[in-house]
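First the structure, in the form of structure tokens, and then the observations on it.
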Amino acid sequence: MTHRRVTLATAAAAAGALALAGCGTGASGSDEPVTLTFAAVTFTESGRGEALEAWVQGFNDSQDQVVIDPVGIPFASFSQTVFTQMSGGSGPDLLRFDQADFVQAASSGLLHPMDDILDVSQFPLIEGPDGYNFVDDTRYGVMFGASNYALIYNTDLVEEPPQSFEEFVDLAIELTQDGVYGHAFRHTKDEEPGMMQDLYNFVYGFGGAFSDGENLTINSPEVIDGLSAYQELYDAEVVPRGADAATYRRMFAEGLVAMNIDNGGVPGIVLGQNDDLNLAAAPNPFPVASQGGIIVPIGVNANSEHTEEAAIFLDWMLQEENQVALQEVMGAESVAIETTRSEEALAAAPYLQVFDDLTDSTQPQIVEGFEEQTPELRSIIVDQVLAALHGEMSMEEAMDRAQELGENLVGD
Amino acid sequence: MPWGRYLRVLAVLAVLGIAVFPLYWMFVTSLTTDRELFTSSPRLFPDFSLTGTYSEALTGPVPRWLLNSFLIAAGTCLVTLALAIPFAYGLSRFRFRGKVALVIGLFVTQMLPESLLVVPLFAIFRTFGLLDSLHGLVLVDTAFVLPIVVFVLKGAIDGIPREIEEAARVDGCRPLGILTRINVPLIAPSLAATAVIAFFSAWNEYVFALTFIFDRGLQPASVGLASFIGELSTPTQTVMAVAVMYTLPAVAFYLIAQRYIVTGMTAGSVKG
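Line by line, the protein sequences are chains L and F.
My numbering applies: residue 1 is where the first sequence begins, and numbers increase by one.
My numbering applies: residue 1 is where the second sequence begins, and numbers increase by one.
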């Protein structure tokens with residue numbers, strides 16, 4: 001290498017180092033507003049993410065003390081990322097969690113008790129879902145959203161929604177032809193959290209639950225009935241095998257999936273992809289009128305140095321007008337307080353009423369009594385259901401095995 | 001042309017096709033409508049009327065993500081080479097106590113997955129104020145790629161006859177001069193190869209970047225690309241368009257470096 005090249009390389013290294021040195025976050029002056037980070041999967045959602053950011057911007061514009069900086073973290077890596085950050089003494093100031101992760105974070109002391117910073121008694125919170133914001137009788141969150149599950153269908157393909165599971169299977173088989181699938185659900189390990197959400201619908205819909213509050217009931221007859229019904233649809237080949245949720249929801253938007261049991265956020269998403277789609281909703285066609293629901297609390301990181309500023313945002317969030325605006329963003333989801341949808345909104349999207357009416361019969365997607373161990377139990381159950389789907393054993397044997405592994409986990 | 005040559009050309013074209021087709025398909029998918037994505041016989045050629053996906057991506061945060069990735073990758077490349085060259089030289093030319101343990105220690109670092117180290121490293125980085133900065137990512141990426149680079153360069157330096165260094169020393173060259181003026185030019189092909197390894201390693205790193213960066217303005221492209229994968233939906237065409245943009249700079253860097261690798265490999269192969 002010539003002297004010139006060495007000089008150039010050294011200069012390039014120095015330039016690189018200088019460039020890097022200029023890329024850190026700058027220190028803020030004392031008179032500047034405090035910036036808080038707010039992490040949520042929803043910020044990564046095409047369409048809904050931008051709308052939620054605009055809603056947050058409404059807060060930022062409303063006052064000059066606090067600025068909320070939205071942080072979108074992909075769904076699949078959300079838990080691992082925020083738990084690593086929080087366990088390391090840092091992390092976002094505000095977090096929108098799935099309930100299982102919320103309970104785990106609160107139980108581990110990673111969330112700040114809410115009553116210390118916010119008087120929620122001034123807000124008319126919806127009692128049912130609000131009850132899931134407590135861990136050991138301490139409030140650690142308020143509800144950001146609650147989303148029920150219902151049967152969404154394409155009215156160009158489905159004239160009348162099925163009234164029973166038998167009708168549902170027959171219709172799904174009849175509609176599966178020419179590149180169109182009768183139904184779709186998650187059925188792969190890499191979508192474990194989402195697959196478990198789908199399984200809850202079948203389990204609750206056949207009168208089962210993974211626990212009775214004190215003991216695991218993973219191999220109870222009702223659970224096996226529900227999961228066998230799930231397997232019946234899989235074996236009938238009416239679902240697009242291998243397609244992940246994002247893919248089959250796009251297929252639904254394109255009229256290539258006729259029916260889909262999914263949560264209240266989905267109709268808005270698929271209509272955003274194809275506003276010509278004729279979509280309607282109905283209660284799940286299962287023997288028992290019960291289904292899973294995603295209850296999503298928002299909590300304050302125990303590591304946050306700005307808990308009072310976080311409370312300013314939460315107070316703003318719970319004001320009625322901001323709750324109404326939030327509900328418009330979240331589609332067919334409920335928010336923390338009872339809101340009334342406008343006549344125009346219900347006329348434009350009649351499926352909203354179907355989802356709203358299901359709130360009373362919705363159960364949270366956690367293993368009651370074993371909330372802290374729900375993520376580990378989820379992994380066990382999904383693994384065994386997949387073993388049954390792949391023909392390694394019957395569903396009954398798979399659930400016996402899951403029960404045994406679950407009991408070993410919880411120490412029963 | 002004889003049949004044998006035809007067959008060889010066909011074989012080369014087939015291998016080239018297999019290597020390039022995924023990139024081509026990524027490009028075609030980025031310029032395909034939703035409905036065509038799910039047809040049983042999707043279009044083989046891109047629809048150039050759909051280039052709006054690219055314009056939308058370029059007006060968003062993608063250029064910033066790519067710049068961040070470039071700074072992280074280039075920084076990792078420079079720091080790694082700056083540390084690895086003397087490190088490899090020391091391992092190759094000097095005998096010292098604990099040398100074997102040091103080599104084993106370097107190997108051990110390669111056996112630990114990122115996901116295992118991310119929690120303790122997060123705590124250490126927080127203590128030293130290295131979170132939410134590109135410097136921090138350069139450091140952690142350097143730490144992970146340095147052992148591989150050191151081993152490659154040590155092997156290259158081992159192959160240089162000591163007589164050349166002795167001759168330089170007789171001519172009055174100092175130890176640092178021997179390293180920079182004798183050894184570095186002679187291991188240029190290995191330097192180019194390891195630069196590519198270090199650059200790609202940092203360019204593609206995801207776990208640390210996702211965990212250590214909170215500020216969206218500092219996210220690299222690997223994290224930005226994943227941020228399109230939502231809970232309820234994923235805009236496939238946008239993901240593919242950004243993936244194309246994410247791939248091209250890395251390919252360009254490889255092509256530039258590859259010239260030096262080939263030049264260096266052939267240099268000195270013929271006496272005369």
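The C-beta atom is built at its ideal place from N, Cα and C for all residues, glycine as well.
Where F168/L is concerned, the enclosing alpha helix (DSSP H) starts and stops at F165 to L175. Runs of alpha helix (DSSP H) with 4 or more residues, each lying fully within the segment 31 to 117 of chain F, are found at 34 to 37, 52 to 59, 62 to 93 and 99 to 111, listed in chain order. Within chain F, no residue has its beta carbon less than 9 Å from that of Q197/L; the closest one is some 10 Å off. Taking the CA atoms as reference points, K154/F sits about 40 Å from S90/L.
Bounds of the beta strand (DSSP E) holding F38/L are V34 to A40. Among the residues of the segment 98 to 111 of chain L, none has a Cβ less than 8 Å away from any Cβ of chain F. Any Cβ of chain F closer than 9 Å to the Cβ of L256/L would place that residue at the interface, and such an atom is present. When Cβ pairs closer than 8 Å are counted between the two stretches, the segment 378 to 396 of chain L is seen to touch the segment 173 to 193 of chain L, the count reaching three or more. Chain L places a beta carbon closer than 9 Å to that of E231/F, counting this residue as a contact.
The beta-carbon of G179/L is placed less than 9 Å from the nearest beta-carbon of chain F. The C-alpha of E205/F lies about 19 Å from the C-alpha of V71/L. Less than 9 Å divides the Cβ of P364/L from the Cβ of Q99/L. Ranking P74/L, S334/L and G406/L by CA distance to the CA of P193/L puts P74/L first. Across the segment 109 to 138 of chain F, CB contacts with chain L closer than 7 Å involve V118, V119, F122, A123, R126, L131, D132, S133, L134, H135 and V138, in sequence order along the chain.
In the structure shown, the three-state DSSP call for L94/L is strand.
The DSSP-derived three-state label of D119/L is coil. Contact note: T211/F reaches chain L through T81, T84 and Q85, using a C-beta cutoff of 7 Å and chain order. Rounded to the nearest whole angstrom, the CA to CA distance from I366/L to M330/L is 22 Å.
With the rule of 3 Cβ pairs closer than 8 Å, the segment 137 to 157 of chain L counts as touching the segment 289 to 300 of chain L. For a Cβ distance threshold of 9 Å, nothing in chain F lies close to V324/L: the least Cβ distance comes to about 22 Å.
Residue contact with chain L for A101/F: absent (no Cβ-Cβ distance below 9 Å to any residue of chain L). With respect to chain F, the C-beta atom of A349/L has no partner C-beta closer than 9 Å. Interface flag for M251/L against chain F is set, since a Cβ pair is found closer than 9 Å. Listed in chain order, the alpha helix (DSSP H) elements of length 4 or more contained wholly in the segment 186 to 245 of chain L are 192 to 205 and 221 to 235. Annotation for L271/L: L277 and L279 place their beta carbon closer than 7 Å to its own, counting only its chain and skipping 5 residues before and after. Within 7 Å of the CB of P235/F, the CB atoms of chain L belong to S46, in sequence order along the chain. Beta-bridge partners assigned by DSSP to M143/L: P297/L. By the Cβ rule, the segment 112 to 128 of chain F does not count as touching the segment 171 to 180 of chain F, because fewer than three pairs are nearer than 8 Å.
Against chain L, a Cβ distance below 9 Å from S69/F picks out nothing, because the smallest value is about 12 Å. When beta bridges are read from the DSSP output, N148/L appears opposite G293/L. Neighbourhood of F123/L in chain F, by CB distance below 7 Å: empty, with the nearest CB roughly 27 Å away. Within the DSSP bridge table, the entry for G72/L names A40/L as partners. Contact annotation for V41/L against chain F: G230 and E231 [CB-CB distance below 8 Å, chain order]. Residue contact check for Q291/L against chain F: no CB pair falls below 9 Å. Partner residues in the beta bridge of N154/L, as assigned by DSSP, are L279/L.
Inclusion of A253/L and D34/F in the CB contact set at 9 Å is warranted, their separation being smaller than that value.
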